[in-house]
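Peer 1: As numbered in our numbering, residues 16 to 805 make up the sequence shown, in order. Have a look at this one before I ask anything.
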Amino acid sequence: MQNLYSSVRFRPAPLTNSARRIAVSAPRLLVLGSLFLAAPLLAQAPAPYDSTVLAALKWREIGIFRGGRSVAVAGSAARPNEYWMGTTGGGVFKTTDGGNTWLPASDKYFGGTIGAIGVSESNPDVVYVGTGEYAIRGNVSHGDGVFKTTDGGRTWTSLGLAETQQISRVRVHPTNPDIAYVAAQGRAFGPNPERGIYKTSDGGKTWTKILFRNDSTGASDLAMDPSNPEVLYAAFWQAQRFPWKLVSGGTGGGIFKTTDGGAHWTELTRNAGLPRGLLGNIGLTVSPAKPSRVWALIEADSGGVYRSDDGGTTWAWVNHDHKLRVRAWYYMKLTADPKDSNTVYATNVIFYRSRDGGRTFRQIDVLHGDTHALWIASNDPQRMILGDDGGATVSTNGAKTWTDQDFATAQFYHVATTNHFPYHVCGAQQDNSGVCGPSRWPGGIDRSQWYDVSGESGYIQALPDTPDVTFGGDNSGFLARVDHRTGIWRIVNPWPDSPDGHPAAEGRYRFQWTAPLLASRHEPNTLYIGANVLFKSSDEGQSWTAVSPDLTRHDPTTMGLSGGPITLDQTTAEYYATIFAIAESPVARGVLWVGSDDGLIHVTQDAGRTWVNVTPPDVKPFTRISIIEASPHAAGTAYVTANRHQLGDPAPYIYKTSDFGRTWTKIVEGLPATEPARAVREDPERTGLLFAGTERGVYISFDDGGHWQTLRRNLPLVPVHDLAIKEGDLIAATHGRSFWILDDIAPLRQLADTALAGDAHLYHPRDAYRVDWGGGSDNAAHPVGKNPPS
16 MQNLYSSVRF RPAPLTNSAR RIAVSAPRLL VLGSLFLAAP LLAQAPAPYD STVLAALKWR
76 EIGIFRGGRS VAVAGSAARP NEYWMGTTGG GVFKTTDGGN TWLPASDKYF GGTIGAIGVS
136 ESNPDVVYVG TGEYAIRGNV SHGDGVFKTT DGGRTWTSLG LAETQQISRV RVHPTNPDIA
196 YVAAQGRAFG PNPERGIYKT SDGGKTWTKI LFRNDSTGAS DLAMDPSNPE VLYAAFWQAQ
256 RFPWKLVSGG TGGGIFKTTD GGAHWTELTR NAGLPRGLLG NIGLTVSPAK PSRVWALIEA
316 DSGGVYRSDD GGTTWAWVNH DHKLRVRAWY YMKLTADPKD SNTVYATNVI FYRSRDGGRT
376 FRQIDVLHGD THALWIASND PQRMILGDDG GATVSTNGAK TWTDQDFATA QFYHVATTNH
436 FPYHVCGAQQ DNSGVCGPSR WPGGIDRSQW YDVSGESGYI QALPDTPDVT FGGDNSGFLA
496 RVDHRTGIWR IVNPWPDSPD GHPAAEGRYR FQWTAPLLAS RHEPNTLYIG ANVLFKSSDE
556 GQSWTAVSPD LTRHDPTTMG LSGGPITLDQ TTAEYYATIF AIAESPVARG VLWVGSDDGL
616 IHVTQDAGRT WVNVTPPDVK PFTRISIIEA SPHAAGTAYV TANRHQLGDP APYIYKTSDF
676 GRTWTKIVEG LPATEPARAV REDPERTGLL FAGTERGVYI SFDDGGHWQT LRRNLPLVPV
736 HDLAIKEGDL IAATHGRSFW ILDDIAPLRQ LADTALAGDA HLYHPRDAYR VDWGGGSDNA
796 AHPVGKNPPS
């Protein structure tokens with residue numbers, strides 16, 4: 016809101032030893048005129064304010080400029096410097112300089128998770144995008160169907176198919192961009208009929224489902240014969256994700272072929288040479304250099320690479336290396352070289368290439384592990400774009416070197432702040448590492464200003480009195496202490512045994528993929544971490560004590576093998592019956608709240624000696640308690656976000672109690688009915704001023720949850736997994752577009768109906784600091800996080 020300050024008065028303030036801080040701290044008068052002029056005086060009923068009231072608010076992107084996962088990439092044979100990247104949470108990005116700079120291409124129209132991109136060969140300005148990633152890991156979000164641009168990404172049109180939710184592939188006819196095919200995987204968390212192969216012949220105005228198996232089996236891949244676009248091969252995959260396991264494989268899986276553009280299909284599944292029994296995930300590719308040659312990477316008991324040299328009539332099992340089908344549900348894509356019929360690429364934890372028709376595969380060095388998608392220019396096999404867990408990267412020399420992945424598409428699970436000046440923002444980035452970085456910096460927040468703090472999927476916490484000491488969590492109960500003054504890292508796991516390879520039921524303790532971690536604000540050097548019990552350390556992790564019994568449902572049916580029926584994927588990513596949320600009352604020592612991923616809430620008022628189950632009556636079993644916010648104003652007040660999207664229920668759930676959980680009120684009025692809530696926070700200064708993070712953005716309530724309205728403004732359409740309030744700023748941890756800050760929420764704290772009665776109103780903002788830094792570079796080739804307006 017600083018850009019709205021019309022007058023500033025400064026008064027001297029004591030100097031501190033904080034670097035680069037200059038000697039001014041000042042209260043300022045804020046005149047909000049045009050910001051509120053369009054809003055009429057509202058009635059005393061606490062209805063949402065007119066959207067014009069919030070029109071001047073603007074979020075700023077601070078980074079980190081380090082990419083997150085991409086499973087959808089594409090390019091143009093005709094335009095050698097033009098490429099497209101689909102992110103998992105952050106929408107579509109485009110580069111026109113060969114991958115040196117990337118800019119968002121879909122922000123004003125759609126966003127979220129992207130599963131497939133198809134670029135027309137005959138007109139590269141025509142691009143189809145299938146939303147909803149096919150790599151259905153536990154943090155997957157659903158898509159909103161298919162979108163299309165005819166002007167290279169300047170504008171987009173929704174083409175429907177929203178209920179397909181996850182899309183694995185889009186193929187565009189090479190000479191007629193009005194003809195396109197969509198391989199729809201369908202809902203990740205349950206059956207639905209909107210899956211299979213769809214075709215349009217009128218540019219997406221209408222769609223016809225041309226191949227369907229059943230409500231539980233979707234299309235995992237679709238390959239087109241480059242020499243004859245009427246010939247296509249489709250792979251089907253029966254899969255469903257539960258909060259505690261992933262089912263990959265079933266009787267509906269198989270391979271199909273059409274020679275007339277989808278009018279008729281022939282099943283190839285049981286053709287000579289293909290594996291018998293259940294089939295799981297399947298990836299397909301056709302050799303442009305020899306179109307009768309087809310490769311299939313198949314998850315099966317006799318899985319591996321199969322090759323047909325007669326268009327799918329017969330097959331040979333040419334490679335059975337397990338390395339090509341590690342975590343088969345997550346990878347399993349093949350891409351044929353356009354000029355050499357013996358060269359084929361495979362994506363997996365490592366990027367591989369075969370030069371002998373698929374018999375042997377050798378590793379290719381890339382910038383990041385966990386590779387998912389590959390596109391190769393049909394007229395130049397040296398030119399390609401790879402999508403991996405670090406985003407997209409371009410090579411123009413046959414995978415010898417790659418462009419940097421310096422775009423802000425990080426997926427953060429949570430956000431924490433430190434007591435530095437300026438305060439630092441911290442979080443664990445999926446597929447990368449935990450990081451902290453300053454909320455402002457001279458010339459902008461460069462990537463080099465971010466520093467590793469351990470962890471990847473968990474929480475980050477800094478000691479309140481010693482912010483240079485951080486703790487970073489990861490899956491399996493991993494926890495590390497880092498002293499950034501000395502550079503010393505130390506493992507401080509609460510339990511020494513590694514659970515990898517074992518079902519949850521076999522361990523004494525169970526830790527979530529994102530095990531919650533909390534640094535106490537009342538007790539120095541004290542930490543809490545959640546397993547199935549709550550652990551406490553009073554010596555910075557040197558020793559741990561369980562201060563609760565098992566606070567979960569510990570239902571045995573949710574603690575067994577987490578994969579199958581073909582691949583037993585036992586990595587602890589699906590560990591269940593665990594504590595998912597911890598909160599400590601800011602105003603009363605000894606008051607702790609704990610929520611589990613299987614739908615229980617407990618509270619203690621005596622530091623863990625006794626616990627009470629205070630689960631709201633209408634919270635169904637196996638509901639994830641995402642975040643608990645202990646009110647900064649009253650010890651008995653708490654807010655809870657819960658969600659059931661992994662059980663097929665996309666509704667938002669937010670609850671409030673004012674009596675230590677004896678009674679609860681559901682507070683979701685104004686939130687979209689199909690937008691799961693991820694986080695809720697209460698402002699520390701204004702009682703009942705609430706902020707919620709959801710699957711599509713941020714919402715605000717001025718009346719203690721009675722009504723909600725959007726606060727997204729210029730924030731992209733992106734999942735917001737957590738929020739924090741620090742020194743009057745609101746910080747959003749997005750799951751696909753890194754961190755964003757809404758500076759100075761003082762006007763929101765003071766906003767009331769009476770303020771809107773006149774032509775202008777004077778607000779008293781927070782104290783201001785005059786420092787010798789500001790601005791920031793707009794150089795897209797060297798992106799930096801933005802500073803507050805000066």
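Every residue gets a Cβ at the ideal spot worked out from N, C-alpha and C, and that includes glycine.
Cα separation between R36 and G800?
Peer 2: Residue 36 sits at position 21 when you count from the first residue of the sequence shown. Residue 800 sits at position 785 when you count from the first residue of the sequence shown. Reliability of the predicted coordinates at R36 is poor, the pLDDT of 30 falling under 50, and no value is obtained from them.
Peer 1: Would you give the residue range spanned by the alpha helix (DSSP H) that L763 belongs to?
Peer 2: Here the question's residue 763 lines up with position 748 in the sequence shown. That run of the alpha helix (DSSP H) goes 761 to 765.
Peer 1: State the DSSP-derived secondary structure class of Q464, mapped to helix, strand or coil.
Peer 2: Taking the sequence shown and counting its residues from 1, one reaches residue 464 at position 449. Helix at Q464.
Peer 1: Label A772 either buried or exposed according to how many other C-beta atoms from any shown protein chain fall within 10 Å of its C-beta, with 16 as the threshold for buried.
Peer 2: In the sequence shown, residue 772 corresponds to position 757, counting from 1. A772 is exposed by the Cβ-count criterion.
Peer 1: Which residue from R340, V430, R308 puts its Cα closest to that of G372?
Peer 2: Position 357 of the sequence shown holds residue 372. When only C-alpha atoms are compared, the closest one is R308.
Peer 1: Compare the Cα-Cα distances from N3 to each of N115, T266, G105, V450 and report the closest residue.
Peer 2: It is not possible to answer for residue 3, since the shown part of the chain is limited to 16 through 805.
Peer 1: For D385 and A87, what's the separation of their Cα atoms in angstroms?
Peer 2: Within the sequence shown, residue 385 is the residue found at index 370, counting from 1. Within the sequence shown, residue 87 is the residue found at index 72, counting from 1. Taking the straight line from one Cα to the other gives about 13 Å.
Peer 1: What are the start and end residues of the beta strand (DSSP E) that includes S552?
Peer 2: What you label residue 552 is simply residue 537 of the sequence shown in a count that begins at 1. Segment 549 to 552, the beta strand (DSSP E) holding S552.
Peer 1: Am I right that A431 and G470 are in contact with their C-beta atoms under 8 Å? What's the rounded C-beta distance?
Peer 2: The residue you call residue 431 lines up with position 416 of the sequence shown. The residue you call residue 470 lines up with position 455 of the sequence shown. At roughly 11 Å, the Cβ-Cβ gap does not stay under 8 Å, so A431 and G470 are not in contact.
Peer 1: Report yes or no: do the segment 404 to 423 and the segment 721 to 737 share at least 3 C-beta pairs separated by less than 8 Å?
Peer 2: No, the segment 404 to 423 does not touch the segment 721 to 737.
Peer 1: Report yes if the CB atom of G153 is closer than 7 Å to the CB atom of Y143, and no otherwise.
Peer 2: Against the sequence shown, residue 153 aligns to sequence position 138. Against the sequence shown, residue 143 aligns to sequence position 128. Going by C-beta atoms, G153 is not nearer than 7 Å to Y143.
Peer 1: Quick check on E521: does DSSP put it in helix, strand or coil?
Peer 2: Within the sequence shown, residue 521 is the residue found at index 506, counting from 1. DSSP places E521 in helix when its eight states are reduced to three.
Peer 1: Pairing CB atoms from the segment 627 to 637 with CB atoms from the segment 416 to 429, are three or more of them under 8 Å?
Peer 2: Segments in contact, no.
Peer 1: Checking the sheet assignment: what are the DSSP bridge partners for E599?
Peer 2: Residue 599 sits at position 584 when you count from the first residue of the sequence shown. BP columns for E599 point to L607.
Peer 1: Measure the alpha-carbon distance for A38 versus K73 and round it to whole angstroms.
Peer 2: Along the sequence shown, read from residue 1 onward, the residue named residue 38 stands at position 23. Along the sequence shown, read from residue 1 onward, the residue named residue 73 stands at position 58. Caution is warranted here: a pLDDT of 29 is assigned to A38, below 50, making its placement in the model unreliable, and no coordinate value can be reported.
Peer 1: In the structure shown, what three-state DSSP assignment does Q527 receive?
Peer 2: Within the sequence shown, the letter at position 512 stands for residue 527. Note: Q527 maps to coil in three-state DSSP.
Peer 1: Counting C-beta neighbours from all protein chains within 10 Å, is the total for Q378 16 or more, i.e. buried, or is it exposed?
Peer 2: As a first step, residue 378 is located in the sequence shown; it is residue number 363 there, counting from the start. Exposed: under 16 other Cβ atoms inside 10 Å.
Peer 1: Are the CB atoms of S673 and G708 nearer to each other than 7 Å?
Peer 2: Here the question's residue 673 lines up with position 658 in the sequence shown. Here the question's residue 708 lines up with position 693 in the sequence shown. For S673 and G708, no; Cβs fall outside 7 Å.
Peer 1: Using a 10 Å radius around the Cβ and a threshold of 16 neighbouring Cβ atoms, would you call D584 buried or exposed?
Peer 2: Sequence index remark: in the sequence shown, residue 584 carries index 569 (1-based). Buried, because 16 or more other Cβ atoms sit within 10 Å of the Cβ of D584.
Peer 1: Among residues of its own chain, excluding the 5 on either side of M100, which ones have a beta-carbon nearer than 6 Å to its beta-carbon?
Peer 2: As a working mapping, residue 100 is identified with position 85 in the sequence shown. Answer for M100: S85, V88, F108, A407, listed in chain order.
Peer 1: Kindly indicate the opening and closing residues of the beta strand (DSSP E) around T67.
Peer 2: Counted from its first residue, the sequence shown places residue 67 at position 52. Unbroken run through T67: none, as it is neither H nor E.
Peer 1: In angstroms, rounded to a whole number, what distance separates the CA positions of L45 and L777?
Peer 2: Numbered from its first residue, the sequence shown carries residue 45 at position 30. Numbered from its first residue, the sequence shown carries residue 777 at position 762. Residue placement at L45 is flagged as unreliable, the pLDDT there being 42, under the threshold of 50; the coordinate-derived value follows with that caveat. Distance between the alpha carbons of L45 and L777: 6 Å.
Peer 1: Which value, in whole angstroms, describes the spacing of the CA atoms of P303 and N394?
Peer 2: Taking the sequence shown and counting its residues from 1, one reaches residue 303 at position 288. Taking the sequence shown and counting its residues from 1, one reaches residue 394 at position 379. Their backbone Cα atoms lie some 10 Å apart in a straight line.
Peer 1: Taking the alpha carbon of K741 as the reference point, which residue from Y668, T165, N434, N729 has its own alpha carbon closest?
Peer 2: Position 726 of the sequence shown, counting from 1, holds the residue named residue 741. Comparing Cα-Cα distances from K741 to each of Y668, T165, N434, N729, the minimum goes to N434.
Peer 1: Can the beta-carbon of R342 be found less than 7 Å from the beta-carbon of V333?
Peer 2: The residue labelled residue 342 in the question sits at position 327 within the sequence shown. The residue labelled residue 333 in the question sits at position 318 within the sequence shown. Not closer than 7 Å, so no.
Peer 1: Tell me whether P798 is buried or exposed, calling it buried when 16 or more other Cβ atoms sit within 10 Å of its Cβ.
Peer 2: Position 783 of the sequence shown, counted from the start, is the residue given in the question as residue 798. P798 comes out buried.
Peer 1: Can you grab the Cα-Cα spacing for the pair T809 / T625, in whole Å?
Peer 2: Here the chain has residues from 16 to 805 only, and residue 809 is not among them.
Peer 1: Does the distance from the CB of F526 to the CB of G492 come in under 7 Å?
Peer 2: On the sequence shown, position 511 is the one that residue 526 refers to. On the sequence shown, position 477 is the one that residue 492 refers to. For F526 and G492, yes; Cβs fall inside 7 Å.
Peer 1: Can you check which of these residues, T273, T172, H157, is closest to G219 by C-alpha distance?
Peer 2: Position 204 of the sequence shown holds residue 219. Checked all of T273, T172, H157; the closest Cα to G219 is T172.
Peer 1: Of the residues F162, P290, A249, R677, which one's Cα is nearest the Cα of H279?
Peer 2: Position 264 of the sequence shown, counted from the start, is the residue given in the question as residue 279. Comparing Cα positions, the closest option is A249.
Peer 1: How would you call G663, buried or exposed, if buried means at least 16 neighbouring beta carbons within 10 angstroms?
Peer 2: By 1-based counting over the sequence shown, the position of residue 663 is 648. G663 should be labelled exposed.
Peer 1: Who pairs with G265 in a beta bridge, going by DSSP?
Peer 2: Counted from its first residue, the sequence shown places residue 265 at position 250. Answer by DSSP bridge pairing, in chain order: L294.
Peer 1: Between the beta-carbon of N490 and the beta-carbon of W456, is there less than 7 Å?
Peer 2: Working through the sequence shown from its first residue, we reach residue 490 at position 475. Working through the sequence shown from its first residue, we reach residue 456 at position 441. Going by C-beta atoms, N490 is not nearer than 7 Å to W456.
Peer 1: Kindly list the residues whose CB is nearer than 7 Å to the CB of S558, restricted to its own chain and excluding five residues on each side of it in sequence; keep chain order.
Peer 2: The residue labelled residue 558 in the question sits at position 543 within the sequence shown. Hits under 7 Å: S552.
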